[in-house]
Amino acid sequence: MNSPHPYCAQVLQSLTDKYPWEKPFLQAVNEVFLSIGVIVEKEPIFKHERILERIVEPERIFIFRVPWRDDDGNIHVNTGYRVGFNSALGPYKGGLRFHSSVNLGIFKFLGFEQTLKNALTGLPLGGGKGGSDFNPRNRSDREIENFCQSFMTSLYPHIGPNTDVPAGDIGVGAREIGFLFGQYKRLKNAWEGVLTGKGIDWGGSYLRPEATGFGAAYFAEEMLKTQGDSLDRKTVAVSGFGNVAWGVATKVTQMGGKVVTLSGPDGFVHDPDGIDGEKIDYMLTMRRSNHDRVEDYAQQFNVDFHPAKKPWGVACDVAFPCACENEMDEDDARDLLKNGCRCVVEVANMPATQEAMDVLLESAILYSPGKASNAAGVACSGLEMAQNSSKIRWTREEVDLRLRTIMVDIHETCLRAAAQAGHTGNYFTGANIAGFIKVANAMMDHGNT
Ligand code: GLU
Numbered sequence: 005m006n007s008p009h010p011y012c013a014q015v016l017q018s019l020t021d022k023y024p025w026e027k028p029f030l031q032a033v034n035e036v037f038l039s040i041g042v043i044v045e046k047e048p049i050f051k052h053e054r055i056l057e058r059i060v061e062p063e064r065i066f067i068f069r070v071p072w073r074d075d076d077g078n079i080h081v082n083t084g085y086r087v088g089f090n091s092a093l094g095p096y097k098g099g100l101r102f103h104s105s106v107n108l109g110i111f112k113f114l115g116f117e118q119t120l121k122n123a124l125t126g127l128p129l130g131g132g133k134g135g136s137d138f139n140p141r142n143r144s145d146r147e148i149e150n151f152c153q154s155f156m157t158s159l160y161p162h163i164g165p166n167t168d169v170p171a172g173d174i175g176v177g178a179r180e181i182g183f184l185f186g187q188y189k190r191l192k193n194a195w196e197g198v199l200t201g202k203g204i205d206w207g208g209s210y211l212r213p214e215a216t217g218f219g220a221a222y223f224a225e226e227m228l229k230t231q232g233d234s235l236d237r238k239t240v241a242v243s244g245f246g247n248v249a250w251g252v253a254t255k256v257t258q259m260g261g262k263v264v265t266l267s268g269p270d271g272f273v274h275d276p277d278g279i280d281g282e283k284i285d286y287m288l289t290m291r292r293s294n295h296d297r298v299e300d301y302a303q304q305f306n307v308d309f310h311p312a313k314k315p316w317g318v319a320c321d322v323a324f325p326c327a328c329e330n331e332m333d334e335d336d337a338r339d340l341l342k343n344g345c346r347c348v349v350e351v352a353n354m355p356a357t358q359e360a361m362d363v364l365l366e367s368a369i370l371y372s373p374g375k376a377s378n379a380a381g382v383a384c385s386g387l388e389m390a391q392n393s394s395k396i397r398w399t400r401e402e403v404d405l406r407l408r409t410i411m412v413d414i415h416e417t418c419l420r421a422a423a424q425a426g427h428t429g430n431y432f433t434g435a436n437i438a439g440f441i442k443v444a445n446a447m448m449d450h451g452n453t
């Protein structure tokens, strides 16, 4: 790993002193700051204008109480959050996560990543993130509806199609977006594109559910192409089993690869024959069941289930971590390399620990950061916003073509920026530099905001 530029080190130190408990946020900032030293050195104006101090501080944060009633009549109280991280490039844009593990530091980390990711898409999107420590697992539809209505009742004055446009993330899918949208529409007395991931018959875009996974597969194909190779006939390890893992499994299989693992909080399944056809459809059944476990898959298709283990010890050519932050540690990274993995495509946000990242970056394999390879989800949201504001809907094929073009462009952008910085082939350096320059230049253009 590089050592940081003195200005980067100084800003990171003050941030660490100020928010020492926000570990994932500090980890995300550190990763970016290690990459952008060369730019900060070349452009002293960034230091003069205090761009780093400004870019790591969210523009605004809302924290609110979310009381709701369960089916037995008991009242529960959760905390809601919305971090508007940066609006230099467009309205705040990013998902809502409903999961018991979240807190403000997690949303700051996700909002910061989102800002740079959204910049890479080339679309007019700022960065934001939010959600709640509410756990939707094992809750009835009515309880989810109650929760979403209460959440939106507090959030709605602060969002809007030109201000802040939330979407889904972990624990927030089509059902939740529907309830949130309905409540916004009722309170605001306006039907407008305030959320993305909407149903296809009421303002949604084709391919939004598939987009993140499909885009990651397109990105992987571009990475492999640099070595004259492709996903065809590759053995692929995937973690997670939700929407993103489903999109990856679908597209990788279409492109000739064989997906052999899925994972959940309970462990992972190993299906050496490949997860395709009805097995991919079964992923949707598992998700709908609200059980949060993959063992059901092993029982259904009679394959091995490894309780409390992660899939990174299985021999594979390509790995797609699709679950959550820091799901891959140093030992996992070493196992992947030992077993012949040649390409790691991050699909979750920051799935590798700092140590795992260092191991993978020091190896000669292809390795991409989530902010580049998972950008198709938010890119498709950007396309949904464009369709909403022009009151038209593109066909599935049109959306797919635009998404693929965006992913090919991001891939090229990363490689070009990395080469210019003297780190040829380093997708992390390339993504961080390209995203940062775009946001920083816009902030400079807007003056001291
Ligand atoms: N949650 C997704 C992401 O992390 C999608 C965000 C969006 O569509 O706004 O990129």
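Following the working numbering, the numbering of the sequence shown begins with 5 at its first residue and continues without gaps.
C-beta: ideal position from N, C-alpha, C; glycine also.
CA nearest to the CA of residue i, picked from the options
i	options	result
Tyr188	Gly164, Ser144, Pro311, Ala376	Gly164
Ser104	Gly131, Asp137, Asp168, Tyr85	Asp137
Pro140	Pro170, Leu114, Leu100, Gly130	Leu100
Gly182	Asp168, Met156, Pro161	Met156
His415	Tyr371, Met389, Leu387, Arg397	Tyr371
Gly203	His52, Val60, Leu184	Leu184
Phe68	Met447, Thr409, Asn82, Lys313	Asn82
Asp308	Glu334, Ser18, Asn294, Ser267	Ser267
Met259	His52, Lys192, Glu225, Ala376	Glu225
Ile437	Thr453, Pro325, Cys418	Cys418
Asn330	Asn343, Leu340, Ala352	Ala352
Leu364	Ala383, Ser393, Lys375, Asp333	Asp333
Leu228	Phe66, Asp449, Ser91, Gly429	Gly429
Lys313	Ser293, Gln358, Asp335, Asn294	Asp335
Asn34	Glu45, Gly98, Cys12, Asp205	Cys12
Identified DSSP bridge partners for residue i
i	result
Cys347	Val322, Leu370
Phe66	Arg86
Asp236	DSSP lists no partner for Asp236.
Leu100	Gly134
Ala241	Ala323
Lys283	Paired residues: none, contrary to the question.
Thr265	His274
Gly207	Answer is none; Gly207 lacks a bridge partner.
His295	Paired residue(s): none; His295 is not in a bridge.
Arg190	Its beta-bridge partners do not exist; DSSP assigns none.
Met332	Ala356
Pro170	Gly98
Pro71	Val81
Val176	Asp173
Under 7 Å between C-beta atoms of residue i and residue j
i	j	result
Phe102	Val87	no
Ala380	Leu405	no
Val252	Leu235	no
Gly115	Phe151	no
Ala123	Gly434	no
Pro311	Gly261	no
Arg397	Gln391	yes
Glu350	Ser367	no
Met389	Gly126	no
Val403	Leu199	no
Ala446	Ile55	no
Pro8	Phe37	yes
Gly219	Arg291	no
Val169	Pro95	yes
Neighbourhood of residue i by C-beta, 6 Å cutoff - its chain only, sequence neighbours within 5 removed
i	result
Ala241	Thr265, Pro315, Val318, Cys320, Ala323
Phe113	Pro28, Phe29, Ala32
Arg64	Gly88
Val42	Ala425
Proximal residues to residue i (C-beta, below 8 Å), its chain only, five neighbours per side dropped
i	result
Gly109	Tyr23, Trp25, Glu26, Lys27, Pro28, Phe29
Val79	The question names Val, but residue 79 in the sequence shown is Ile. Within the same chain, Ile79 has close Cβ partners Pro71, Trp72, Arg73.
Asp145	Arg179
Gln358	Gln31, Asn34, Glu35
Residue i, enclosing beta strand (DSSP E) - first and last residue
i	result
Phe309	308 to 311
First and last residue of the uninterrupted alpha helix (DSSP H) at residue i
i	result
Pro24	Unbroken run through Pro24: none, as it is neither H nor E.
Val248	247 to 258
Ala383	380 to 394
Pro161	No alpha helix (DSSP H) contains Pro161, which DSSP labels as neither H nor E.
Lys442	431 to 449
Leu129	Premise fails: Leu129 is in no alpha helix (DSSP H) and is neither H nor E.
Gly219	212 to 229
Thr417	400 to 424
Neighbour flag for residue i against chain D, beta carbons, 7 Å
i	result
Arg190	No chain D appears in the structure shown, which is made up of a single protein chain.
Contacts around residue i, its chain only, beta-carbon distance under 7 Å, and the 5 residues preceding and following it disregarded
i	result
Phe305	Asp275, Lys283
Ala302	Val273, Asp308, Phe309
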